[in-house]
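Residue numbers (this note's numbering): 106 to 949.
Worksheet: one structure, shown below.
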DNA sequence: GAGCACTGC
């Protein structure tokens, strides 16, 4: 029997491109009805357009066919791909479970629901009644039946009854993520089975295996909204406590800090990181009958590891599962799956497959067809998703200043194209966005009355969620066009509605690991073809659109097909630690979809050994095992364990610092005005410490935790991010709990608020020396020329302006982060003594 | 004197 089947979705039963409103998306507000005056005026030239634009005839790319006016060199046909899966509320900006609006991400709640119609519920149930849930589900049924994937229900069931692995190529919009789990959970193979298993120590016992499907997602928001959608479709309550007589929930989700899995759930949406952690404690995934990996094409480090572990598990002897097979459904939105196919096939079905050596891709163009034939031709034809045509225009020649070129294109589009139709421009980072915003705003002041107004909205990761939301708000002012200037956050994570025009700078910042420097740097690099198509697709979600690429057709052809997977770009220390924790002794030989360079791997092994995570024989030490289980980077785990040692005994303090370091946002906000700057320097006096950023963060957390009036007010007065501190507090709680579990802490620490007591300089020294155990290579000593030179590599490095030690001349520094932008910067800096460094180097 | 995007029992 062939091991698997490849499927593609789309389905010719699919209607022609339809407006979003015909799909099941939560809210697909049509753009406002354009008033006639808008259409009449907006095509007129901007007679007072900016001078430099006018000099170039401003409107360079009018489609008048005149070559002198820089007409589009080529127009491409429609871009397929990327239409939201039903129920995926990508239109809303990212929600955090830490948000106060958490409840909004829960199952549908109807105001009229009776709160007390359950008899035996342990937890008061406030959601809708089961009748109401069923009624709502019935209404959704009709929408479900229109999804392309719906008609393939029986094929998919049949295929998985006969195969263990199914690879599905479904465009977003095909409904694969929401529907396939529902097709499968009632299957005979998906039921819990009582079996005898053999433990690793040889003992045998009877346990239940299977009964649940896990669906992985790269993002929390996707896991939560998909679970919410599927729960609604199934008429199932979605929350932990909502088990009611005869009505347990069938669907749940599990993401960090938020676990909503009803007892007896059959379908569970999880983040990739969450499943990876689960695999460390339950390598055989005994709870599950099937794992579905969604969006595998995004190729995060975590998904690559999961794929490696699952491949071994599925093709293994299944002793740890009492012989119960684990079904695997791999889902991707991109066509190219030669690599994935070959990787998951049993090695003997692909003699040309060499484990761990498939850098790039092994593509056998005929492979897909062969696989389908072996499976009785069950392959499903692929057709375009629900996407409007997008015309693509290229530059004739490369642009030196692409930001300026973008400015010209945006002004051209704005003055020439009718309303409605917003513009989305892709830039590389905040700096560029702000520069272009300033320019555009300057010009928009000069537009004559006949030309619509422009509203410029920045959109990037370091904006607060509220500021991000601003970019999504439909501009209500009449005769106004919204221009969103975004980083690649708008490529996959967030979707802006109302966009008809995309301007693509063709570049983005990518993290790149440099093993000889031991540094990860952010580099501006050309995007991949896949990313370019993804970007242009953003123009065709609601109507026919246009995409202007600020690069030539030749540049496009030169682009990589795909982005490089993360595991080939980043420091693999976490990946190596997880492989070791999963019992893989020879990590260099372990087959992955793409194996990192041996140099990177050896570097990681050495680092782990130096941190005391590895035995000389290559197996994990007790500390190494603990490090793998902690939700922290390996270096931070090392620090935490060192802090628990009797000789240091500063675990609680170090947890406070690590909690602050492991938020997804900076704790300290940047003053925007001189007034803020002044107020800040007054209020922050009680938290800043001369020892540096680490002790300052410790003081911040201690002050925050000691506050018993209003933490929000406290944060605001110190110009500290409420959101970051809320997350830091959640991390702190999680770390404390895990330290109790790992027996690093004897008992739960006393609850807050505890009185604030400043850290003594002696104690501060102990704490910083604990950090030095993992960061001894991240140190620099002041040279005779007044600049810091790193001890590892003798590079010149400067203290980043965000550090409390910026501008201070110190004997030596330790830094936890470094960035290379226009200079080599050290961040999270502490003031240390040179002899501490020598002492620590001597120890390792 | 400064910032790609995700994510973790």
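Positions of the beta carbon are idealized from the N, C-alpha and C atoms, including for glycine.
Everything numeric in this text was worked out from a predicted model, so none of it was measured.
For residue i, the residue or residues it bridges with in DSSP
i, result
"residue 631", "612"
"residue 397", "320, 434"
"residue 374", "320, 358"
"residue 626", "617"
"residue 500", "657"
"residue 363", "360"
"residue 725", "719"
"residue 894", "886, 901"
Three-state secondary structure (DSSP) of residue i
i, result
"residue 837", "helix"
"residue 640", "helix"
"residue 923", "strand"
"residue 948", "helix"
"residue 793", "coil"
"residue 493", "coil"
"residue 274", "strand"
"residue 386", "helix"
"residue 326", "helix"
"residue 647", "coil"
"residue 157", "Unreliable positioning characterises residue 157 in this predicted model, as indicated by a pLDDT of 37, which lies under 50. A coordinate reading is not provided."
"residue 563", "strand"
"residue 673", "helix"
"residue 551", "coil"
"residue 720", "coil"
"residue 586", "strand"
"residue 832", "helix"
"residue 509", "helix"
"residue 476", "Low confidence applies here, because residue 476 scores a pLDDT of 36, under 50, leaving its location unreliable; read the following figure in that light. Residue state, collapsed to three classes: helix."
"residue 690", "coil"
"residue 593", "helix"
Closest Cα partner of residue i within the set the options
i, options, result
"residue 742", "694, 666, 840, 659", "840"
"residue 563", "532, 581, 554, 678", "532"
"residue 915", "344, 886, 421, 940", "886"
"residue 448", "493, 425, 256, 412", "412"
"residue 631", "665, 621, 644", "665"
"residue 645", "673, 661, 628, 608", "608"
"residue 494", "845, 260, 759, 638", "638"
"residue 558", "540, 544, 384, 580", "580"
"residue 951", "354, 508, 330, 832", "There is simply no residue 951 to check, as the chain begins at 106 and stops at 949 in what is shown."
"residue 309", "424, 236, 273, 582", "424"
"residue 790", "799, 778, 805, 636", "805"
"residue 589", "542, 611, 627, 884", "542"
"residue 596", "694, 403, 901", "403"
"residue 51", "359, 659, 549, 587", "Residue 51 is absent from the structure shown; the chain starts at 106 and stops at 949."
"residue 917", "941, 948, 824, 248", "941"
"residue 858", "808, 899, 835", "808"
"residue 667", "304, 433, 253, 401", "401"
"residue 576", "585, 565, 582, 583", "565"
Heavy atom of the ligand SAM within 6 Å of residue i beta-carbon
i, result
"residue 301", "With respect to the ligand SAM, the structure offers nothing, as it holds no ligand at all."
Beta strand (DSSP E) segment containing residue i, residue limits
i, result
"residue 310", "309-314"
"residue 85", "Since the first residue of the chain shown is 106 and the last is 949, residue 85 is not available in this structure."
"residue 258", "Per DSSP, residue 258 belongs to no beta strand (DSSP E); it is in the alpha helix (DSSP H), 258-267."
"residue 531", "527-531"
"residue 902", "901-904"
"residue 574", "Note, residue 574: premise wrong, no beta strand (DSSP E); alpha helix (DSSP H) at 570-577."
"residue 937", "929-937"
"residue 887", "884-887"
Residue range of the unbroken alpha helix (DSSP H) whose run includes residue i
i, result
"residue 787", "779-788"
"residue 243", "235-250"
"residue 698", "Residue 698 -> no alpha helix (DSSP H), and no H or E assigned at all."
"residue 950", "No information on residue 950 is available, as it lies outside the stretch 106 to 949 that the chain covers here."
Any 3 or more C-beta pairs closer than 8 Å across the segment 386-405 and the segment 416-432:
Counting Cβ pairs under 8 Å, three or more are found: they touch.
Would you say the segment 848-861 touches the segment 776-783, given that touching needs at least three Cβ pairs under 8 Å?
With a cut-off of 8 Å, the segment 776-783 and the segment 848-861 do not count as touching, because too few Cβ pairs lie within range.
Are the segment 283-296 and the segment 310-324 touching, with three or more C-beta to C-beta distances below 8 Å?
Touching, per the Cβ criterion.
The segment 247-265 / the segment 275-291 touching (three or more Cβ pairs under 8 Å):
The segment 247-265 makes contact with the segment 275-291, as at least three CB pairs between them are under 8 Å.
Flag this pair as touching only if the segment 678-695 and the segment 371-389 have three or more C-beta atom pairs under 8 Å; answer yes or no.
Between the segment 678-695 and the segment 371-389, the count of C-beta pairs closer than 8 Å reaches three or more; the two stretches touch.
Validate contact between the segment 897-913 and the segment 822-835 using beta carbons, cut 8 Å, 3 pairs:
Judged by Cβ distances under 8 Å, the segment 897-913 makes no contact with the segment 822-835, as fewer than three pairs qualify.
Touch check for the segment 871-880 and the segment 891-898: three-plus C-beta pairs under 8 Å?
Contact fails: fewer than three Cβ-Cβ distances are below 8 Å.
Counting pairs of Cβ atoms below 8 Å between the segment 668-678 and the segment 698-710, do you hit three or more?
The segment 668-678 is in contact with the segment 698-710.
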